[in-house]
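S.K.: Next up is a structure, given as structure tokens.
Residue numbers (the working numbering): 179 to 377.
Here it is, written out as structure tokens:
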């Protein structure tokens, strides 16, 4: 079931997925033009509309911030800027390869620089395509970074590098850990917020 609602003078598509076993209703912003609602199949379209409209203030706020990084099907984000796919001779299904190639070129020099600055010695740097974490550091100090970091601005990529390097010394997210991160990036909280806006 699909229908449109008016939010901030703009029509937004609502996709309603019926799940017979669901006891609660769930809502997620998929893009600046689409909201996904999952709920029990017994609920009517009118009830769903009423529910969505009851969250109008929340939706207006989050759709506004969401739209800052939302892109069209013929666009992609690279180093914090929106580009047309055809400008780089790319297609949507080749983006992962592009990000992986660029990550291997762009990130290692920064990684080496900050490892030296922080006087920390990672055993290995690797890359992966993941929709979850931006990076990870194993107990053996092997660091893995997400190729989708190439969507971020350079200073946001640096934050993830410093964050994972700091885990070599502190295998947690304690105050001591963040004190170490802050020593090298006093504005790390702002950089964290920037990363959360990236799809």
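All residues carry an ideal CB built from backbone N, CA and C; glycine is no exception. Quick caveat: nothing in here was measured; it's all calculated off a predicted structure.
Output yes or no for whether 9 Å exceeds the beta carbon distance between residue 251 and residue 270.
M.R.: In the chain shown, the residue the question calls residue 251 occupies position 73. In the chain shown, the residue the question calls residue 270 occupies position 92. Yes.
S.K.: By Cβ distance below 7 Å, which residues in the same chain neighbour residue 354 in space, the five residues on each side in sequence not counted?
M.R.: Along the chain shown, read from residue 1 onward, the residue named residue 354 stands at position 176. Here the set comprises 348.
S.K.: Could you check the C-alpha separation between residue 238 and residue 186 for me, to the nearest Å?
M.R.: Reading the chain shown from its first residue, position 60 is the one you call residue 238. Reading the chain shown from its first residue, position 8 is the one you call residue 186. Rounded to whole angstroms, residue 238 to residue 186 spans 6 Å at the Cα level.
S.K.: Count the other CB atoms within 10 Å of the CB of residue 368; is the residue buried (16 or more) or exposed (fewer)?
M.R.: The count along the chain shown starts at 1 and reaches residue 368 at position 190. With fewer than 16 Cβ atoms within 10 Å of its Cβ, residue 368 is classed as exposed.
S.K.: Is it true that the region 300 to 314 meets the region 216 to 234, where meeting means three or more beta-carbon pairs spaced less than 8 Å apart?
M.R.: Cβ pair count under 8 Å is below three, so no.
S.K.: Determine the DSSP secondary structure at residue 306, reduced to helix, strand or coil.
M.R.: For this step, residue 306 is matched to residue 128 along the chain shown. Note: residue 306 maps to strand in three-state DSSP.
S.K.: CB residue 201 to CB residue 215, shorter than 9 Å?
M.R.: Position 23 of the chain shown, counted from the start, is the residue given in the question as residue 201. Position 37 of the chain shown, counted from the start, is the residue given in the question as residue 215. Going by C-beta atoms, residue 201 is not nearer than 9 Å to residue 215.
S.K.: Got a sec? Which residues, its chain only, sit under 8 Å from residue 182 by beta carbon, not counting five neighbours each side?
M.R.: Your numbering for residue 182 matches position 4 in the chain shown. 189, 190, 191 and 192.
S.K.: Taking the C-alpha atoms as reference points, what is the distance between residue 343 and residue 272?
M.R.: In the chain shown, counting from the first residue as 1, residue 343 sits at position 165. In the chain shown, counting from the first residue as 1, residue 272 sits at position 94. Cα to Cα, residue 343 sits roughly 30 Å from residue 272.
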